[in-house]
Amino acid sequence: MKDINYQHSKYQKSINKEVKISGVGLHTGVDSTAIFKPAPPNSGIRFKRIDLKDCPEILADIDHVIDISRGTTISQNGVRIHTVEHVLAAIVGLQIDNILIELTNKEPPVMDGSANPFVEILINAGIQEQSAHRDELIIDRTITYNDSNRGVDIHVLPSDRFRITFMTDYQFPSLGTQYTAMYSLEDDFIKRIAPARTFCFFSEIKELKELGLIKGGGIDNALVFLDRKVEKNEIDTIRKMFNIKTEVFSGENGIMNGVELRFSNEPVRHKVLDLIGDLALLGIPIKGHVIAARSGHAANVELVKEIKKVYSKKIQEKRSRQKDTKLKFDIQAILQILPHRYPFLLVDRILDVEPGKVVHALKNVTMNEPFFQGHFPGEPVMPGVLILEAMAQAGGFLILNSIPNPSTKLMYFTAIDKTRFRKTVVPGDQVKFEVSLLKFRMGTCKIKGVATVDKVVVAEAEMMASVVDKRA
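Mapping the sequence shown onto this note's numbering, position 313 (from 1) lands on 313, and the numbers just tick up by one.
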């Protein structure tokens with residue numbers, strides 16, 4: 001694992017490069033790959049189902065939670081993603097604000113049942129600060145949720161930082177009462193919380209299986225605690241139920257196969273992990289002290305809803321920025337991204353850009369353009385190749401705004417196809433460009449551009465380009 005400069009920042013963060021991880025989904029049993037990609041400021045944490053038509057996206061948001069049956073499931077427009085809490089915990093535990101998680105199926109892989117595998121690949125991807133300031137929800141009053149029927153009690157108190165105190169109480173010797181505290185994400189999350197694995201009790205397995213859950217469960221991705229005496233024929237039944245080929249036995253330590261704990265209180269630490277993941281659905285980090293007793297996903301979700309209700313205005317401001325991911329740039333911002341300068345900078349303004357999707361740019365054509373001195377001076381016409389160059393510069397701005405560290409990169413165009421010039425462009429015209437990203441893979445991209453004057457198409461083309469490092 002790479003070293004990480006892991007400290008509180010006033011700026012938002014994303015990852016430097018794409019990374020991925022593959023495995024089986026805990027509850028659905030599907031083979032799945034999660035691909036983590038950098039995302040622009042204020043875009044939040046988003047999941048994308050690339051196995052479905054049109055690759056629908058779902059923002060990690062409390063309003064999208066539809067099921068909390070032994071995990072947190074989110075859905076939007078009929079598209080579901082199961083068991084998101086471990087992935088979310090890894091992301092917010094590393095204080096990453098903006099990221100896109102592409103999934104090849106309906107559930108992220110469970111891996112070893114903890115957040116540790118996700119933490120490792122995200123650290124290896126590199127974490128970078130972005131230009132936008134980081135919002136924080138300061139808890140300035142006590143918020144409480146309780147469920148007396150289940151003995152659940154949660155309080156959120158004002159504090160100088162985000163911290164969690166958690167207590168569980170199970171009425172059998174193999175588990176008993178457990179307690180833990182996380183005093184800060186910086187100091188505690190990576191080593192003390194992220195490695196804690198999910199768990200269940202032997203007496204729950206058959207019921208969970210009959211409910212259509214834990215289809216991908218096994219002794220290698222969950223701790224199974226023995227909450228009663230288990231007969232050999234019961235173990236044989238479980239082996240057949242999960243098609244386990246290896247030996248399964250009752251461990252002397254009260255855990256199936258005698259699996260050793262990573263911490264003496266690993267279960268309660270995993271409860272903290274789940275709580276961190278569920279709190280991510282608020283969409284904004286909190287500064288407050290969460291004190292929880294016997295809480296699970298259902299109570300966590302209700303707590304998040306209560307926090308949202310109390311601080312609805314602040315959270316809505318954050319959400320409105322996440323919904324409006326179109327960014328506007330003046331000439332100074334353009335000069336920060338594009339390497340071109342007068343007289344070859346042919347884009348005057350970026351009207352808006354959706355990183356990774358589309359850019360709208362503008363070029364005001366005046367009589368003072370240097371090329372008019374020699375290009376049909378008696379009847380000035382903007383050269384078609386310069387219309388394409390302006391289109392390419394707009395496309396370059398789109399691509400460079402979609403990747404980390406754009407100031408260290410250049411774009412070289414390698415091919416032009418399907419080019420058409422429909423109408424001449426003359427002094428006084430205002431040319432608007434719409435350039436869309438069609439494909440971006442392994443540093444090579446394909447874009448499609450359309451240039452219009454007064455809503456009439458004057459030129460269009462498709463282009464290929466390569467993104468390369470600037471020379472030192």
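The beta carbon of each residue, even a glycine, is placed where N, CA and C say it ideally should be.
Residues bridged to residue i (per DSSP)
{"i": "Q130", "result": "Beta-bridge pairing links Q130 to no other residue."}
{"i": "A361", "result": "I350, F433"}
{"i": "R161", "result": "Paired residues: none, contrary to the question."}
{"i": "R420", "result": "E460"}
{"i": "H155", "result": "T144, I291"}
{"i": "T33", "result": "S22"}
{"i": "I81", "result": "I74"}
{"i": "D169", "result": "T177"}
{"i": "M256", "result": "S250"}
{"i": "P38", "result": "I99"}
{"i": "L338", "result": "Partner(s): none; L338 has no beta bridge."}
{"i": "R262", "result": "The partner list for R262 (beta bridge, DSSP) is empty, contrary to what the question assumes."}
Best match in the options for proximity to residue i [C-alpha to C-alpha]
{"i": "G378", "options": "V301, V426, I403", "result": "V426"}
{"i": "Q430", "options": "K232, G151, R349", "result": "R349"}
{"i": "A181", "options": "I291, V156, I331", "result": "I291"}
{"i": "T366", "options": "G356, H360, I255, M382", "result": "M382"}
{"i": "H297", "options": "G395, Y145, P339", "result": "Y145"}
{"i": "A451", "options": "V347, D97, L122, I35", "result": "V347"}
{"i": "E434", "options": "T33, K455, I66", "result": "K455"}
{"i": "I45", "options": "R420, V259, L94", "result": "L94"}
{"i": "M442", "options": "F421, K448, V458, S466", "result": "S466"}
{"i": "F258", "options": "A194, F225, V230", "result": "The sequence given here has Gly at residue 258, not Phe. Ranking A194, F225, V230 by Cα distance to G258 puts F225 first."}
{"i": "I66", "options": "E302, Q393, I121, A222", "result": "E302"}
{"i": "E204", "options": "A461, G217, I447, N368", "result": "G217"}
{"i": "K418", "options": "A394, G428, F397, L388", "result": "L388"}
{"i": "T198", "options": "M241, H289, V272, S32", "result": "V272"}
{"i": "A459", "options": "T444, R420, K432", "result": "R420"}
{"i": "M411", "options": "Q373, I337, V453", "result": "I337"}
Residue range of the beta strand (DSSP E) that includes residue i
{"i": "F242", "result": "No beta strand (DSSP E) contains F242, which is instead part of the alpha helix (DSSP H) from 232 to 242."}
{"i": "R269", "result": "It is not in any beta strand (DSSP E) - R269 instead sits in the alpha helix (DSSP H) that spans 266 to 279."}
{"i": "G449", "result": "444 to 453"}
{"i": "E483", "result": "Within the shown structure, residues of the chain are numbered from 1 to 472, placing residue 483 beyond reach of any answer."}
{"i": "L65", "result": "A small correction: the amino acid at residue 65 is Val; Leu does not occupy that position in the sequence shown. 65 to 67 is the extent of the beta strand (DSSP E) around V65."}
Spatial neighbours of residue i in its chain, beta-carbon cut-off 8 angstroms, leaving aside the 5 residues before and after
{"i": "E129", "result": "S9, Y11, Q12, K13"}
{"i": "A482", "result": "The requested residue 482 does not occur in the structure, where the chain is confined to residues 1 to 472."}
{"i": "V310", "result": "R141, I143"}
{"i": "I81", "result": "F47, R49, I58, T73, I74, S75, L103, K106, E107, P108"}
{"i": "T408", "result": "D469, K470"}
{"i": "V230", "result": "F202, S250"}
{"i": "T424", "result": "V381, M382, V458"}
Same chain only: Cβ atoms within 6 angstroms of residue i, ignoring 5 sequence neighbours per side
{"i": "G23", "result": "P109, M111"}
{"i": "D469", "result": "none"}
{"i": "A293", "result": "D153, M167"}
{"i": "F118", "result": "V87, A90"}
{"i": "E18", "result": "K37"}
{"i": "K448", "result": "S436, L438, E462"}
{"i": "H360", "result": "L351, D352, E434"}
Local conformation of residue i per DSSP, three classes
{"i": "L175", "result": "coil"}
{"i": "V92", "result": "helix"}
{"i": "I291", "result": "strand"}
{"i": "S184", "result": "coil"}
{"i": "Q12", "result": "strand"}
{"i": "F397", "result": "helix"}
{"i": "G378", "result": "coil"}
{"i": "G283", "result": "coil"}
{"i": "E102", "result": "strand"}
{"i": "S250", "result": "strand"}
{"i": "M391", "result": "helix"}
{"i": "K17", "result": "coil"}
{"i": "T198", "result": "coil"}
{"i": "K313", "result": "helix"}
{"i": "R192", "result": "helix"}
{"i": "F440", "result": "strand"}
{"i": "K409", "result": "strand"}
{"i": "L213", "result": "coil"}
Extent of the continuous alpha helix (DSSP H) to which residue i belongs
{"i": "S466", "result": "Element bounds for S466: not the alpha helix (DSSP H) but the beta strand (DSSP E), 456 to 469."}
{"i": "I307", "result": "297 to 310"}
{"i": "N221", "result": "No alpha helix (DSSP H) holds N221; DSSP gives it neither H nor E."}
{"i": "I50", "result": "Segment: none, I50 is in no alpha helix (DSSP H) and carries neither H nor E."}
{"i": "F118", "result": "116 to 125"}
Heavy atom of the ligand NAP within 7 angstroms of residue i beta-carbon
{"i": "T165", "result": "What this structure holds is no ligand at all, so the ligand NAP is not there to describe."}
Beta-carbon proximity list for residue i, same chain, < 7 angstroms, skipping 5 on both sides
{"i": "Y183", "result": "R163"}
{"i": "I238", "result": "I205, V248"}
{"i": "G356", "result": "S402, L437"}
{"i": "A263", "result": "In the sequence under discussion, the amino acid at residue 263 is Phe, which differs from the Ala named in the question. Here the set comprises A196, R269."}
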